[in-house]
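**Q** There's a structure below that I have some questions on.
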Amino acid sequence: MTFHQAEHSLLVIPGPIEVTDDVLFANATPSQSHMSKSFTQTFGEAIKMFRQVLLTERGQPFILSGSGTLGWDMVASNLTEPGDEALVLHSGYFGQSFADCLEAYGAKVTQLKAPVGQCPSREELVQALKATKYKIVTVTHVDTSTGVLSNPRMVSEVVHEVSPDTLVVLDGVCSVGSEEIRMDEWSLDVVMCASQKGLGVPPGLSLVCASERAIHLVEARKTKINSYFASWLNWLPVMRGYEQGKPVYFATPPVQLICALHVSLKEITSKPIEERWAKHKQASTDFKQFVTDELGLKQVPNDSSIAANGMTAIYFPNGLSASDIIPRLLERGIVVAGGLHKEIKDKYFRIGHMGISVIDTTTRHDLEKIKDALRNVLNAAGYNATQESCNAICANTSTSASLPPLDEVNSTKLSNLYSSIALPGSASGGDPQSINFDNVNCDVR
23 MTFHQAEHSL
33 LVIPGPIEVT
43 DDVLFANATP
53 SQSHMSKSFT
63 QTFGEAIKMF
73 RQVLLTERGQ
83 PFILSGSGTL
93 GWDMVASNLT
103 EPGDEALVLH
113 SGYFGQSFAD
123 CLEAYGAKVT
133 QLKAPVGQCP
143 SREELVQALK
153 ATKYKIVTVT
163 HVDTSTGVLS
173 NPRMVSEVVH
183 EVSPDTLVVL
193 DGVCSVGSEE
203 IRMDEWSLDV
213 VMCASQKGLG
223 VPPGLSLVCA
233 SERAIHLVEA
243 RKTKINSYFA
253 SWLNWLPVMR
263 GYEQGKPVYF
273 ATPPVQLICA
283 LHVSLKEITS
293 KPIEERWAKH
303 KQASTDFKQF
313 VTDELGLKQV
323 PNDSSIAANG
333 MTAIYFPNGL
343 SASDIIPRLL
353 ERGIVVAGGL
363 HKEIKDKYFR
373 IGHMGISVID
383 TTTRHDLEKI
393 KDALRNVLNA
403 AGYNATQESC
413 NAICANTSTS
423 ASLPPLDEVN
433 STKLSNLYSS
443 IALPGSASGG
453 DPQSINFDNV
463 NCDVR
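Set out below in structure tokens:
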């Protein structure tokens with residue numbers, strides 16, 4: 023019997039994301055013992071495939087019940103001791119949260135904060151490392167509150183040049199599976215993520231991979247680890263045991279979720295990971311070009327070079343707000359996320375494009391559905407995309423003298439953009455203001 027998931031609204035927030043039928047079916051596998059031979063093989067293979075996704079041969083994976091947030095606790099409890107100096111590269115909401123977690127375990131945290139839409143520069147990082155000796159440096163690869171993409175390769179290079187004993191920790195919750203990550207080549211000490219984003223699995227798994235250097239540091243630490251569940255010393259025998267085909271018990275693993283993870287990782291590793299990165303990058307480039315060129319909308323990252331490939335953060339048009347856009351998208355079966363960064367929370371919305379939504383372009387057309395919905399919704403809200411697109415073209419041109427006549431600025435394409443759109447008389451679901459927005463601002467970590 024072939025399994026197909028039920029019809030549902032298209033989920034395109036920055037995680038959780040849509041999952042394949044095979045992954046969802048695996049998540050409904052019948053109950054089995056977590057010590058059984060079949061599950062031991064499944065778990066062991068998942069551990070090995072996770073290494074392949076991160077391009078590491080020496081890293082030690084940890085796959086636990088939990089969200090991406092648990093990864094912060096694992097880093098803070100295992101790699102820092104009270105009084106240790108930690109440097110957090112802050113490019114949004116989740117940099118602040120990582121700092122809060124580190125402080126909860128007694129670390130002395132310094133944040134290198136960038137303005138909204140930017141990430142800390144190389145020069146700022148060098149200066150910070152020369153001023154203080156840090157135990158660890160953390161960087162959020164993609165901060166989903168802003169859609170900003172940091173450069174972990176550069177960060178690691180600088181750290182190893184200026185402060186080689188400092189550990190480099192990558193928060194890859196919204197990047198593993200969708201952005202380029204080369205753990206060994208870039209000398210990253212920790213990469214952490216979660217199941218529900220680029221890996222295309224339902225929420226519930228916290229995945230971390232630690233370098234040999236990080237593991238040696240934990241084994242040689244002077245003080246007791248201030249966590250029981252998150253202690254790598256408790257989990258090392260478990261992970262090593264399952265990988266060797268010999269189950270070891272510490273806490274019961276989520277059997278069904280790990281079966282789902284196994285299926286997803288098998289799909290991902292069936293082709294070179296570079297192909298997956300390239301598909302995400304191409305889909306992101308095309309979608310962002312649509313947002314800018316056709317819709318005339320501004321994005322939160324201030325430069326395309328630091329814009330994430332798995333999501334897009336878009337400012338609302340002048341005069342419009344979440345209540346004008348998000349409910350109307352929902353009525354058309356498209357679920358997006360509202361703003362999260364406290365400085366601009368009510369000024370923008372976020373769309374995810376990860377996993378199956380960009381990998382399967384044969385049977386699914388998710389991004390085209392999103393584009394069509396955005397065209398209709400903006401039109402229904404009274405937004406003149408033709409005019410705004412022309413304004414965007416003008417704004418991106420250095421001098422007015424270099425502008426061709428308006429009728430040559432792709433005007434036929436722009437004017438035809440909305441002529442084909444049926445104008446709805448009213449939103450089918452009633453007044454958009456009546457829709458509850460309490461749940462649209464959250465990312466599942």
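Start counting the sequence shown at 23; every next residue gets the next number (the numbering used here).
Glycine included, every Cβ here is placed at the ideal spot set by N, Cα and C.
At which residues does the alpha helix (DSSP H) containing Cys281 begin and terminate?
**A** Along the sequence shown, read from residue 1 onward, the residue named residue 281 stands at position 259. First-last of the alpha helix (DSSP H) with Cys281: Val277 to Thr291.
**Q** For Glu107, which beta-bridge partners are listed by DSSP?
**A** Within the sequence shown, residue 107 is the residue found at index 85, counting from 1. Lys130.
**Q** Just mark Lys320 as buried or exposed, buried being the case when its beta carbon has 16 or more other beta carbons within 10 Å.
**A** Position 298 of the sequence shown holds residue 320. Buried.
**Q** Just the C-alpha distance for Glu103 and Gly374, rounded to the nearest angstrom, thanks.
**A** For this step, residue 103 is matched to residue 81 along the sequence shown. For this step, residue 374 is matched to residue 352 along the sequence shown. Distance between the alpha carbons of Glu103 and Gly374: 36 Å.
**Q** Measuring alpha carbon to alpha carbon, tell me which of Ile378, Ile295 and Cys215 ends up nearest Gly93.
**A** Position 71 of the sequence shown, counted from the first residue, corresponds to residue 93. Closest by alpha carbon: Cys215.
**Q** Who does Ser228 pair with in a DSSP beta bridge?
**A** The residue you call residue 228 lines up with position 206 of the sequence shown. The partner list for Ser228 (beta bridge, DSSP) reads Leu86 and Ala216.
**Q** Do Phe116 and Ser167 have their beta-carbon atoms positioned less than 9 Å apart in this structure?
**A** Residue numbering aside, residue 167 sits at position 145 when the sequence shown is read from its first letter. Residue numbering aside, residue 116 sits at position 94 when the sequence shown is read from its first letter. Result yes, Cβ atoms of Ser167 and Phe116 sit closer than 9 Å.
**Q** Take Ser306 and list the residues in its own chain whose beta-carbon comes closer than 6 Å to its own, dropping the five residues that flank it on each side.
**A** Stepping through the sequence shown from its first residue, residue 306 is reached at position 284. Result list for Ser306: Asn331, in chain order.
**Q** What residue range does the alpha helix (DSSP H) around Leu255 cover?
**A** For this step, residue 255 is matched to residue 233 along the sequence shown. Leu255 -> alpha helix (DSSP H) spans Trp254 to Glu265.
**Q** Which term fits Asp325, buried or exposed, when burial requires 16 or more other beta carbons within 10 angstroms of its beta carbon?
**A** Start at 1 with the first residue of the sequence shown, and residue 325 comes out as number 303. Label assigned to Asp325: exposed.
**Q** In this structure, what does DSSP give as the bridge partners for Met333?
**A** The residue you call residue 333 lines up with position 311 of the sequence shown. Answer is Gly374.
**Q** Could you check where the beta strand (DSSP E) with Asp193 kicks off and where it finishes?
**A** Residue numbering aside, residue 193 sits at position 171 when the sequence shown is read from its first letter. Per DSSP, Asp193 belongs to the beta strand (DSSP E) from Leu189 to Asp193.
**Q** Can you check DSSP and say which residues form a bridge with Gln140?
**A** Stepping through the sequence shown from its first residue, residue 140 is reached at position 118. Paired residues: none, contrary to the question.
**Q** Does the contact criterion of 3 or more C-beta pairs under 8 Å hold for the stretch 131-143 versus the stretch 279-293?
**A** No: fewer than three Cβ pairs fall under 8 Å.
**Q** My guess is that Leu77 and Ile203 are in contact by the Cβ rule of under 8 Å, so how many angstroms apart are they, rounded?
**A** Position 55 of the sequence shown, counted from the first residue, corresponds to residue 77. Position 181 of the sequence shown, counted from the first residue, corresponds to residue 203. Leu77 to Ile203, Cβ: 7 Å. Contact.
**Q** Here's a check: name, in chain order, each residue in its chain whose Cβ is nearer than 7 Å to the Cβ of Thr24, leaving out the five neighbours to either side.
**A** One-based indexing of the sequence shown puts residue 24 at position 2. There are no such residues.
**Q** What are the start and end residues of the alpha helix (DSSP H) that includes Ile158?
**A** For this step, residue 158 is matched to residue 136 along the sequence shown. Note, Ile158: premise wrong, no alpha helix (DSSP H); beta strand (DSSP E) at Ile158 to Thr162.
**Q** Do you know offhand how far Phe459's Cα is from Leu33's?
**A** To locate residue 459, count along the sequence shown from 1; it is residue 437. To locate residue 33, count along the sequence shown from 1; it is residue 11. In this prediction, Phe459 scores a pLDDT of 46, lower than 50, which makes its location untrustworthy; the coordinate-derived value is nonetheless stated afterwards. Answer to the nearest angstrom: the Cα atoms are 16 Å apart.
**Q** On the criterion of 16 or more Cβ atoms from any shown chain inside 10 Å, does Lys219 qualify as buried, or is it exposed?
**A** Reading the sequence shown from its first residue, position 197 is the one you call residue 219. The residue in question, Lys219, is buried, as its Cβ has 16 or more Cβ neighbours within 10 Å.
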